[in-house]
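Asks:
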Amino acid sequence: MAFLKHNGRTICYRLLGDSAKPMLLMAHPLGMTQGIWDDMLPTLLGKFRVLTWDLPGHGGSGAWLEESSQITPEDLAQEALALAAVAGAESFHFIGTSVGGVIGQQLVSQHSDRLISTTLTNTGAVIGTPEAWNSRSASIMKFGLDSMAVDIVPRWFGPAACDQQPALVEGWRVIMGRGDKRSYALLCEMLGQCDFREKLQNHCAPLVLVGGTDDVATPPAALQALAQFSGAAAPVILARVGHVPSVECPEKLNQILFENLA
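Under this note's numbering, the residues of the sequence shown are numbered 1194 to 1455, in order.
(1) Is the number of C-beta pairs between the segment 1371–1384 and the segment 1393–1413 that are closer than 8 angstroms three or more?
(2) What does the alpha-carbon distance come out to for the pair Phe1350 and Leu1431?
(3) What did DSSP end up calling Gly1405 once you bin it into helix, strand or coil?
(4) Please work out which residues of its chain come closer than 7 angstroms, Cβ to Cβ, to Glu1259, disregarding the five sequence neighbours upstream and downstream, and give them in chain order.
(5) From the DSSP output, which residues share a beta bridge with Asp1216?
(6) Between which two residues does the alpha helix (DSSP H) harbouring Phe1457 extend?
(7) Restricting to runs no shorter than 4 residues, where is the alpha helix (DSSP H) found entirely within the segment 1255–1330?
(8) Would you identify the three-state DSSP class for Leu1384, choosing helix, strand or coil?
(9) Name the DSSP beta bridge partners of Thr1203, please?
(10) How many angstroms separate the CA atom of Leu1446 from the CA atom of Ser1262?
(11) What are the start and end residues of the alpha helix (DSSP H) that includes Ala1345?
(12) Do Ser1291 and Pro1222 have their C-beta atoms within less than 7 angstroms of each other?
(13) Nearest to Gly1364 by alpha carbon, out of Met1383, Trp1230, Val1343 and Cys1381?
(14) Near Pro1399, which residues of its chain fall below 6 angstroms by C-beta distance, leaving aside the five closest residues on each side in sequence?
(15) Alpha carbon to alpha carbon, how far is Ser1305 from His1199? Give it in angstroms, no decimals.
(16) Does the segment 1434–1443 come close enough to the segment 1413–1424 that 3 or more CB-CB pairs lie under 8 angstroms?
(17) Under 7 angstroms Cβ to Cβ from Leu1379, same chain only, skipping five residues before and after it: list those, please.
(18) Quick one: Cα of Met1369 to Cα of Phe1285, how far?
(19) At which residues does the beta strand (DSSP E) containing Ile1430 begin and terminate?
(20) Does DSSP put Leu1393 in a helix, in a strand, or in coil?
(21) When the Cα of Ala1275 is compared with those of Val1295, Trp1246, Gly1289 and Gly1252, which residue comes out closest?
(22) Quick check: the segment 1311–1319 against the segment 1227–1244, are at least 3 beta-carbon pairs closer than 8 angstroms?
(23) If you run the structure through DSSP and keep just helix, strand and coil, what is Leu1416?
(24) Please report the straight-line C-alpha distance between Ala1210 and Glu1324, rounded to a whole angstrom.
(25) Please state the DSSP three-state secondary structure of Leu1223.
(26) So, Val1301 versus His1396, is the Cβ gap smaller than 7 angstroms?
(27) Going by the CB atoms, is the gap between Ile1229 and Ser1439 shorter than 7 angstroms?
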């Protein structure tokens, strides 16, 4: 584990593997941490140097600064680029899930020259509605992350994963509850404003899309629409998988990466 000071905040990250291998940056979903990639790492490190990090107010990263009233996709993309610079990577592969996929879309639309490839899972050019995200932001600020996690975390995983790992939901409730509520709320407001439907046209970075049949947050239709807007190939939709394939089926997600990034 390491830490980077960037624009007055501390970012917690891990840089793992052989510096001679291609770089892979991995961005996690809202409410979770870079730990979602742990089960994939032993296999990935055979082919990639890997950099993972925690989003603002998540895991070991500092909360968003009080003097700043919003978070933008470009803010998050700049954090990714700052981390790549620490690793000495002029170009890199990228994978992001959910809001991590929003970071990927921002990189594709504004910084495609830095990308070797981009894999987006369980995300969308538009996710939900501004009203729903603003309502969640207000509820988080009023009731706190620990209270709201009771309803939010069960939506992350499909029934198959919950059956196989009975403590899965409770474990992630604890992790979400330890985050910074204001940072989370600002990310909710950002998601309510995100619309990449036009920004992804004419991109030049290879783009791979992945979803899950049991994902209620960003269902297969969201990935199919993203493919249409971006000109990417039809998404890979994983059966009996919810919102976080790196946790639910890490071997399958690794296989997709290896097949498409060879």
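Using N, Cα and C, we set each Cβ at its ideal position, and we do this for glycine too. Note that the coordinates shown come from a computational prediction; the quantities given were computed from them, not determined experimentally.
Replies: Well, looking at it:
(1) As far as the Cβ criterion goes, the segment 1371–1384 does not touch the segment 1393–1413, which means the pair count is below three.
(2) Computed Cα separation, rounded: 13 angstroms.
(3) Strand at Gly1405.
(4) For Glu1259, where only same-chain residues beyond five positions count, there are no Cβ hits under 7 angstroms.
(5) Asp is not the amino acid found at residue 1216; the sequence shown has Met there. Under DSSP, Met1216 takes part in a beta bridge, and its partners are Arg1242.
(6) Summary: the structure shown does not reach residue 1457, with the chain confined to residues 1194 through 1455, and so no result is reported for it.
(7) Taken in chain order, the complete alpha helix (DSSP H) segments of 4 or more residues contained in the segment 1255–1330 are 1266–1279 and 1292–1303.
(8) For Leu1384, the three-state secondary structure derived from DSSP is helix.
(9) The partner list for Thr1203 (beta bridge, DSSP) reads Lys1198.
(10) Rounded to the nearest angstrom, the two C-alpha atoms are 36 angstroms apart.
(11) According to the sequence shown, residue 1345 is Ile rather than Ala. Here the alpha helix (DSSP H) through Ile1345 covers Leu1338 to Ile1345.
(12) Taking 7 angstroms as the cut-off, the beta carbon of Ser1291 is found closer than this to the beta carbon of Pro1222.
(13) The shortest Cα separation from Gly1364 among Met1383, Trp1230, Val1343 and Cys1381 belongs to Val1343.
(14) So the list reads Ser1310, once near-sequence residues are dropped.
(15) Answer to the nearest angstrom: the Cα atoms are 22 angstroms apart.
(16) No, the segment 1413–1424 does not touch the segment 1434–1443.
(17) If we look at Leu1379 and ignore the five residues flanking it on each side, its Cβ neighbours are Trp1257, Gln1263 and Ile1264.
(18) Taking the straight line joining both Cα atoms gives about 29 angstroms.
(19) Boundaries of the beta strand (DSSP E) around Ile1430: Val1429 to Leu1431.
(20) Leu1393 sits in coil when the DSSP states are folded into three classes, being neither helix nor strand.
(21) Minimum Cα-Cα distance from Ala1275 among the listed residues Val1295, Trp1246, Gly1289 and Gly1252 corresponds to Trp1246.
(22) Two segments are said to touch when three or more pairs of C-beta atoms, one from each, lie closer than 8 angstroms; by this definition the segment 1227–1244 does not touch the segment 1311–1319.
(23) Three-state result, Leu1416: helix.
(24) As written in the sequence, residue 1210 is Gly, which differs from the Ala given in the question. Each residue's alpha carbon lies about 42 angstroms from the other.
(25) In the three-state reduction of the DSSP assignment, Leu1223 falls in the coil class, being assigned neither a helical nor a strand state.
(26) Cβ distance < 7 angstroms, so Val1301 and His1396 count as in contact.
(27) Yes, these two residues count as a Cβ contact at 7 angstroms.
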